[in-house]
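So the sequence lines, in the order shown, correspond to chains A and B. For the first sequence, counting from 1, position 105 maps to 106 in my numbering; every step adds exactly one. For the second sequence, counting from 1, position 110 maps to 111 in my numbering; every step adds exactly one. Cβ atoms here follow ideal geometry from the backbone N, Cα and C, with glycine treated the same way.
There are 2 protein chains.
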Amino acid sequence: MSANNKGVMIVEIDERKLKILQAIISNYMATGEPVGSRTISKYTDLNLSSATIRNEMSDLEDMGYIIQPHTSAGRIPSDKGYRLYVDTMLQKKDREVDEMKELLVNKADRLENVLKQVAKLLAENTNYATMVSKPRYVHKKVKFIQLTLVSDTQMLVVVVIDGNIVKNRFINLSEPFDKEELPQMNFLLNTALNGLDLTEINMALIHKMKEQAGQYSEIIGMILDEIAAAVSEEDDYLYTSGATNILKYPELSDKEMATKLLTTFEEKAGIGNLMNLDNNEEHGIQVYIGEESNVEAMKDCSVVTATYKIEEGVYGKIGIVGPKRMDYQKVVNTLENTMKQLDDIFKNKN
Amino acid sequence: MSANNKGVMIVEIDERKLKILQAIISNYMATGEPVGSRTISKYTDLNLSSATIRNEMSDLEDMGYIIQPHTSAGRIPSDKGYRLYVDTMLQKKDREVDEMKELLVNKADRLENVLKQVAKLLAENTNYATMVSKPRYVHKKVKFIQLTLVSDTQMLVVVVIDGNIVKNRFINLSEPFDKEELPQMNFLLNTALNGLDLTEINMALIHKMKEQAGQYSEIIGMILDEIAAAVSEEDDYLYTSGATNILKYPELSDKEMATKLLTTFEEKAGIGNLMNLDNNEEHGIQVYIGEESNVEAMKDCSVVTATYKIEEGVYGKIGIVGPKRMDYQKVVNTLENTMKQLDDIFKNKN
DNA sequence: TGTTAGCACTCATTCAGGTAGAGTGCTAAT
DNA sequence: ATTAGCACTCTACCTGAATGAGTGCTAACA
């Protein structure tokens with residue numbers, strides 16, 4: 002527990018300690034190597050001897066802001082140290098805004114493509130790994146249903162859900178279906194199901210509709226099954242890019258750690274909490290340092306996420322994963338910049 | 002050029018050399034370490050001294066079947082050696098057929114999911130990296146078109162292409178569209194475009210149709226644009242899984258090589274030739290050793306591919322990527338097994 | 001009282017030297 | 001044709017010494 006040489010607890014961090022901590026962190030971010038007292042004494046404008054710095058560093062270590070990997074090594078920032086850095090020093094913003102290429106706008110056609118493109122561009126720009134989540138409509142409501150006959154015995158069911166998500170399914174019919182009956186059935190389905198979400202398409206409703214359908218009871222059953230399947234279908238909602246960038250940072254390149262991280266990216270497993278908003282309605286930019294992310298594989302990484310908005314109430318997230326010594330300033334700037342561009346795109350699209 | 006101690010060229014490989022080569026390869030496959038003459042002399046039933054083996058190995062090296070990494074190391078198989086091994090020894094098939102879980106069939110709903118599942122299961126079963134290509138219909142023909150109004154000013158265009166691929170696009174209309182006109186327009190589009198492929202939906206046709214459409218000329222133009230876009234749209238056709246498995250093999254784990262390989266898998270770039278059938282109509286199982294694959298990143302790997310059939314004339318490929326010392330027997334068996342299961346699935350689906 | 005110089009100490013890294021062991025090629029004997 | 005034996009080569013591994021970056025502590029200083 003932090004106590005100075007007189008045995009008095011040090012609770013508050015003063016100006017000088019803060020400067021030293023800042024110096025340690027930025028030096029470590031640049032080199033990835035533990036930084037010693039002499040380096041700080043020489044390369045800052047504090048005009049203090051290495052001995053003094055040592056005393057201060059000793060205090061900072063007691064306070065938990067820095068860590069000594071082994072007895073005679075320099076210090077590296079702890080999660081708590083990074084946290085302080087991010088919280089305080091990041092406030093005075095870096096003004097050199099990173100101009101991201103306008104490539105985005107050109108390629109923008111469908112949401113999926115935009116998001117994949119974003120992931121890729123961010124990864125290329127930052128040299129970190131990126132993840133982008135597509136917003137999920139939690140209570141997906143049926144907006145529109147269209148049955149059509151592709152051939153005598155093959156029916157296509159098109160379902161449009163909230164957010165203009167289109168799902169389609171084929172139904173193979175055992176006997177030819179009378180084309181004339183289609184409009185009526187379309188009408189029936191649309192009036193019955195419009196505005197309902199998955200939980201409301203339940204057994205009772207299906208039963209009732211089957212009765213109404215009379216001779217078409219069987220086929221209505223099949224159609225409803227497919228509609229339910231289509232609505233409940235979860236498709237990919239997480240895109241990643243630049244996972245191999247982590248191999249650029251020696252502290253993440255050790256075999257075991259790299260394998261875990263890369264596997265996490267490949268299988269997109271275990272990052273759900275981080276990347277969807279179900280549990281976490283906070284917007285804006287979030288920084289998770291080390292174990293704060295609650296992702297086992299990323300306990301030696303930092304993660305920066307940003308929330309983007311497609312329309313009112315519909316949000317997705319972008320995440321950047323890198324070493325703890327990542328360039329937070331640049332990452333935050335780049336993300337803010339990206340958000341702006343995404344806003345523009347989505348504004349133009351509607 | 003291969004010459005024995007009498008200066009006579011050795012052209013043909015005899016029984017004994019073959020046995021020795023086989024022993025070298027299987028030993029190397031098990032250990033991943035260069036294998037020396039003493040090992041072979043001790044652990045085979047040839048009853049030859051290490052010296053004799055050395056002579057034979059020297060010949061085998063002259064003939065290009067094995068390589069000495071450095072002067073006083075054992076030998077490892079060359080690409081040519083593996084090739085011989087695969088061509089000859091693989092013939093007598095290993096009978097212990099790997100029973101792959103029937104998980105596949107349960108999860109089988111849509112083609113994409115089946116293929117992703119296959120990639121994943123194969124990767125888990127073999128501990129190698131896998132890739133699966135979805136068949137691409139080369140000359141995609143329009144099978145069916147359906148326009149519908151989702152709201153006053155929003156039209157949904159559904160296009161069904163060869164192979165029951167469904168594409169959909171929204172069109173935002175500047176002014177409300179008369180619902181009554183839809184059937185007529187649907188009829189016009191279907192009769193005009195049915196059976197045409199992308200190359201046939203050209204300027205001339207578009208011009209002609211616009212004329213026919215009269216007052217709807219503008220909207221027909223938009224619709225045709227979207228149809229053309231939908232038909233030409235290339236979606237993902239390559240799924241990979243288990244890329245991180247390569248880190249299990251020391252000879253592929255060196256940083257540079259691993260990065261290249263993993264990047265290739267992540268970006269799915271450069272493996273097109275290997276994984277689609279455009280240039281290569283051969284079916285069945287193919288083995289590419291080292292540079293044979295013509296994929297730069299895989300020059301120290303072997304690749305085994307198998308062709309599967311969805312319906313007559315529609316083929317896709319499955320590929321397994323591992324170290325050159327991969328267990329070819331097991332891989333080939335597993336692939337054959339998988340093919341059978343896929344056949345079953347696709348038979349039931351139609 | 002805060003700051004600093006000096007010193008003894010620790011520990012990771014590097015490098016040279018040395019050894020063990022696996023393997024080879026060649027030669028002479030069987 | 002096969003083998004035993006030997007000299008040789010090269011890698012892997014260990015050791016010990018030197019280096020240097022870094023620390024903590026103490027005593028002196030302003």
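As assigned by DSSP and simplified to three states, the class of residue i
i               : result
I14 of chain B  : coil
R326 of chain B : coil
M276 of chain A : helix
I224 of chain B : helix
R76 of chain B  : strand
N338 of chain A : helix
S152 of chain B : strand
M132 of chain B : strand
G82 of chain A  : helix
T45 of chain A  : coil
V332 of chain B : helix
A31 of chain B  : helix
E57 of chain B  : helix
F178 of chain B : coil
E312 of chain B : strand
Y217 of chain A : helix
K269 of chain A : coil
D255 of chain A : coil
V237 of chain A : The sequence given here places Asp at residue 237 of chain A; Val does not occur at that position. D237 of chain A: coil per DSSP, three-state reduction.
D301 of chain A : coil
I162 of chain A : strand
Status (buried if at least 16 other CB within 10 Å, exposed otherwise) for residue i
i               : result
P177 of chain B : exposed
V411 of chain B : Given that chain B is displayed from residue 2 to residue 351, the structure contains no residue 411 of chain B and the question cannot be resolved.
K102 of chain B : For K102 of chain B, the predicted model reports a pLDDT of 47, less than 50, meaning its position is unreliable and no value from the coordinates is stated.
N274 of chain A : exposed
K43 of chain B  : exposed
A270 of chain B : exposed
A74 of chain A  : exposed
F188 of chain B : exposed
Q216 of chain B : exposed
R17 of chain A  : exposed
D48 of chain B  : Per the sequence presented here, residue 48 of chain B reads as Asn, with Asp not at that position. N48 of chain B comes out exposed.
V139 of chain B : exposed
S50 of chain A  : exposed
E34 of chain B  : exposed
K141 of chain A : buried
L76 of chain A  : Contrary to the premise, residue 76 of chain A reads as Arg rather than Leu in this sequence. With 16 or more Cβ atoms within 10 Å of its Cβ, R76 of chain A is classed as buried.
C-beta contact flag for residue i and residue j at 8 Å
i               : j               : result
A120 of chain A : S242 of chain A : yes
I220 of chain B : L190 of chain B : no
T440 of chain B : I321 of chain B : The question about residue 440 of chain B has no answer here: the residues shown for chain B are numbered 2 through 351.
V305 of chain A : V333 of chain A : yes
N338 of chain A : R137 of chain A : no
L85 of chain A  : I21 of chain A  : no
P324 of chain A : E252 of chain A : yes
I319 of chain B : Y309 of chain B : yes
I172 of chain B : I224 of chain B : yes
I228 of chain A : V87 of chain A  : no
L157 of chain B : V161 of chain A : yes
P70 of chain A  : I25 of chain A  : no
L174 of chain A : T154 of chain A : yes
M327 of chain B : Y129 of chain B : yes
K117 of chain A : L150 of chain A : no
L343 of chain A : I286 of chain A : no
N56 of chain B  : T40 of chain B  : no
Expected contact under 8 Å - CB spacing of residue i and residue j to nearest Å
i               : j               : result
V1 of chain A   : G164 of chain A : Given a span of 2 to 351 for chain A in the structure shown, any question on residue 1 of chain A remains unanswerable.
N203 of chain B : A124 of chain B : Not a contact, Cβ separation roughly 43 Å.
M58 of chain A  : S38 of chain A  : 6 Å
T32 of chain A  : K331 of chain A : T32 of chain A to K331 of chain A, Cβ: 17 Å. No contact.
K348 of chain A : A298 of chain A : Rounded, the Cβ-Cβ distance is 36 Å, inconsistent with contact.
K209 of chain B : S218 of chain B : Wrong, their Cβ atoms sit about 11 Å apart, outside the cutoff.
D80 of chain B  : E268 of chain B : The Cβ separation is near 26 Å, so there is no contact.
T265 of chain A : I272 of chain A : 7 Å
Validate contact between the stretch 229-236 of chain B and the stretch 196-211 of chain B using beta carbons, cut 8 Å, 3 pairs: yes
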